[in-house]
Amino acid sequence: MTPTTLFTLLSDYQHKVLEFCEGHAEDYNIQYHPDLSPLGWHLGHCVYTETHWIREQLSGISSPDQKLTRYYVPELANKSDRAGALPDHAELCQWAMERQQENLELIKNHQGSNSHPLMQHNFIFHFLIQHYAQHFEIMHMILVQKALQECDNFEVKQPLLSHELNISTTLLEAGSYNIGSQTDFLPYDNEYPCHVFKTGDINIADRPVSNSEFLLFMQQSAYQDQEYWSEEGWYWKEKFDVSCPEFWLKDRQQNWFGIDIKGPHHLDPDHPVWGINHYEAQAFALWASLDHGQARLPHEYEWEAASQNDCLENTGLVWEWCQNS
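To get this note's numbering, take the position in the sequence shown, counting from 1, and add 22.
Okay, structure coming up:
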């Protein structure tokens, strides 16, 4: 992408995150989950981080926001304390808008120049865009947690039904595959250097597990059978009393429905199951072995090679767990 395109994309993400927080004044300082900071903290953290890199590191100008370091640097601010440290909603949004505008003007002065290491290959644009995108996704997750807590009186009209496993597989042929990035300036450090992965023939499921297939796993009491679970997985399941995907609930007739940022919804039987963790994915794979032989989660190298060779369908709709995740 050109510097102009990246500049526009950064501006767009600034606006998305700011607008999202502006539109949820009643939620901006509420922590809906112990692992998730309030919406307002994510806005403040993004703008603080952007200011540090554009104003201080790129432009060499001291920041007027040094006092905010203890609030918006994750290592210095306990999640449980972040809600109480936020300023008034209007004050936070006004500060964020002003800083974003200042930062855009500063970075515009460096466009097209490679004199600073942060501008080489437009690195700072890519970094800040991805940083905003990451937190924008988390902000949506926060409101899903809100919807999960506030859902009431939803009546399922189309009950989700289970069906027998019908997992089709695709052959990933034996050979050598390039894994990792072949560039040296954009990937995370665990994505390079590019290296060769050698494998024998592998049969890999060509799509994620569906809602109806996961319901069968639940109906056959797999959540209650310790033989399917790792020691850590069983401990987690028992500690938190887990018996279904995180974003599934039952109505008064005991029919399952789902929750997303818009609230309750009917579960599409063919849609990939959403809201399970690595322990649950491992347990499902072991349970599926009863009908499909030695089923297991793929190694991330196997998944990447299969993806590169168009062996997989419906990717990117949910988190796709790998054995070494």
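Glycine is no exception: its CB is placed at the ideal position from the N, C-alpha and C atoms.
- The alpha-carbon separation between S234 and K259 amounts to approximately 21 Å.
- For V69, the uninterrupted alpha helix (DSSP H) run begins and ends at L61 to T73, by DSSP.
- In this structure, I189 is the residue among E268, Y257 and I189 with its C-alpha nearest to the C-alpha of P230.
- Less than 9 Å separates the beta-carbon of H148 from that of L208.
- W278 has K272 as its beta-bridge partners, per DSSP.
- Looking at R92, D223, W251 and L289, the one whose alpha-carbon comes closest to that of F269 is L289.
- Distance from the Cα of I281 is smallest, within the candidate group D228, V166 and K261, for V166.
- T221 places its beta carbon 9 Å or farther from that of G202.
- Counting along the chain, P25 sits inside the alpha helix (DSSP H) bounded by residues P25 to E44.
- Setting aside the 5 residues that flank it on each side, G297 is surrounded in the same chain by P267, E268 and F269, each with a C-beta closer than 6 Å to its C-beta; the list follows chain order.
- D228 and L339 have their C-alpha atoms some 14 Å from each other.
- In this model, T71 and W63 are separated by some 12 Å (Cα to Cα).
- With a beta-carbon spacing of about 5 Å, L31 and I151 fall inside the 8 Å limit used to define contacts.
- Remark: C-beta atoms of F158 and F42 approach each other more closely than 9 Å.
- Comparing C-alpha distances from K130 to each of M119, S81 and C173 shows the shortest one belongs to S81.
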